[in-house]
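For the sequence shown, our numbering assigns the number 117 to the initial residue and increments by one for each residue that follows. Where is the CB? At the ideal position from N, CA and C, for every residue including glycine. Heads up: the structure comes next, in structure tokens.
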Amino acid sequence: MWILCDEIFRDLAPGPLGTHAAQGPRWVATGSLTKAYGLGGLRIGWIAASEEVLARAEQLQNAFSAVPALPSATLALALLPHLDRLRTRAHEILATNRARWLEFLARRPVLGPWTASQGTTTWCQVGGDRGDAFSEFASRRFDLAVVPGRFFGDPAGIRVGLGRDPASFAAALEVFGRAVTAFEAARPPSGGRGAAEVIQGSA
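Now the structure itself:
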């Protein structure tokens, strides 16, 4: 049995760095300079595996893949000595935004107490199975993109990203708060028209 681990978020986790590819010859790991380092524009990633697997992967790369852009490869190599600094910056951004998010939740119990202690995203519930309705409402009324929870098996929830720079996150959170207030105000008493119907009827 072979095991493939996508480690694109691994360097954001607390604790020492490492790779699951070191577990054995049938372990393969992939990573990139995107999530933990904020360098998605370079389009540079890697494979960690045994020498045999890497040799075979190189053959397939040469046969079927486009050659990475030389400027991207050059910049990536130049940045390698500075990855610790970039990773520290990412941790600081996430810590700042997570603290701000927790303060926001404390003022709005309607969103529920759930939050993630790690990672680049968190979660909240709008109440009932209304994640889709709120996402549509926020987009139409406030030009705010919100990922509905139905994509993750929870139609009541929405996903919130924590990886933006703190100033942008604070501004988006202010708009999000106004959207939640307006959405709750549009909710009719029990037995009335549902929020989704109110939204659709206002179009």
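| Item | Value |
| --- | --- |
| Whole-Å CB distance - Ala272 paired with Arg246, under 8 Å assumed | 7 Å |
| Alpha-carbon spacing of Ala171 relative to Asp281, whole angstroms | 39 Å |
| Short Cβ contact (8 Å threshold) for Glu123 with Ala145 | yes |
| Neighbour-count burial assignment, Ala152, 16 or more Cβ in a 10 Å radius | buried |
| Integer Cβ distance of Ser296 from Arg205, believed to fall under 8 Å | Per the sequence shown, the amino acid found at residue 296 is Val instead of Ser. Contact flag wrong, Cβ pair sits at about 30 Å. |
| CB of Phe141 within 8 Å of CB of Ser166, strictly | For clarity, residue 141 is Pro in the given sequence; the question names Phe instead. Yes, the pair counts as a contact, with Cβ atoms nearer than the cut-off. |
| Test item: CB-CB of Ala189 and Ile160 under 8 Å | yes |
| Close-in-space but distant-in-sequence residues of the same chain around Thr236 (CB under 8 Å, 5 per side omitted) | Phe125, Leu128, Lys151, Leu210, Gly277, Leu278, Gly279 |
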